[in-house]
Ligand SMILES: [Zn+2]
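In our numbering, the protein residues as written are 0 to 258.
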């Protein structure tokens, strides 16, 4: 039977079968050295749209990392703009997601139309399709954020705690809420496992008014944020998402870490 796979899968399957990592692979990272022998997890054989799929998981342990203190902050925006920033050097990495904006708007309109006609089946199909696209982008974005953290010499990636996200939901169209929440959570999941593989730590911070706080003087003023610009009376002036990422990077972790 002809079988289709990709290099990334082959890299991990090779590790599972031989117990050795292919160090010549472009997917290999030096931090993988401390990964334990992998174990095969649940496997699934399923049929979808005229094709058979085989999926399985593999699990392994990673030595717990000693962490330094340098952090980057990641701001996940409503228009799917994600900004990672390192306050000390002022460096940041921004995903403006322009093409993605069009895609999201198209899906948003389609979804609303289907919800009105109560076409649940078509709605589910649409959601699956959109999730696949978002998953792809979340892979790309999380990978680039990890690279950025490493370039900055940071060992901690700080994110806003999603359990507080309820307050953001009121800014979202009702029909878009599920997929937005899902996309935020998916990025967090991908970022967390990629961070573990790269020996970085993901920490959650309180998101309270991160977009209104000045990353330079700490003053919090709603009027300081006007559209995409943040302007403070202390003289600090910056792109609002970059400012928010700096604020996030300096907030204390609220994650209760297991000892
Ligand atoms: Zn200020």
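Beta carbons: idealized from backbone N, C-alpha and C, even for Gly. Quantities reported herein were computed from a predicted structural model and do not represent experimental measurements.
query, result
"From 197, 220, 216, 135, residue whose alpha carbon lies closest to that of residue 208", "220"
"Distance cut-off 7 Å: residue 235 Cβ against heavy atoms of ligand 3", "Ligand 3 is absent from the structure shown, which contains only ligand 1."
"Residue ranges of each beta strand (DSSP E) within the segment 84–162, 3 or longer", "90–94, 155–159"
"Same chain only: Cβ atoms within 8 Å of residue 59, ignoring 5 sequence neighbours per side", "34, 35, 36, 37, 38"
"Helix, strand or coil at residue 6 according to DSSP, with G and I counted as helix", "helix"
"Endpoints, the alpha helix (DSSP H) within which residue 202 is located", "It is not in any alpha helix (DSSP H) - residue 202 instead sits in the beta strand (DSSP E) that spans 200–204."
"Rounded Cβ spacing between residue 161 and residue 187 (contact assumed at less than 8 Å)", "6 Å"
"Beta strand (DSSP E) segment containing residue 38, residue limits", "38–47"
"Touching by the beta-carbon criterion (3+ pairs, under 8 Å), the segment 99–117 and the segment 40–55", "no"
"DSSP state of residue 260 mapped onto helix, strand, coil", "Here the chain has residues from 0 to 258 only, and residue 260 is not among them."
"For residue 60, the three-state DSSP class (helix, strand or coil)", "coil"
"As assigned by DSSP and simplified to three states, the class of residue 74", "strand"
"Euclidean distance between Cα positions of residue 184 and residue 230", "30 Å"
"Residue 253 in three-state terms, based on DSSP", "coil"
"Beta-bridge partners of residue 247, as assigned by DSSP", "Residue 247 pairs with nothing; no bridge assigned."
"Beta-ladder partner(s) of residue 212, from DSSP", "219"
"Identity of the residue in 23, 14, 119, 242 nearest residue 76 by Cα", "242"
"Identity of the residue in 24, 91, 129, 12 nearest residue 181 by Cα", "129"
"Residues that residue 55 bridges to, as DSSP identifies them", "42"
"Cβ separation of residue 21 and residue 13, assumed to be a contact under 8 Å, to the nearest whole Å", "6 Å"
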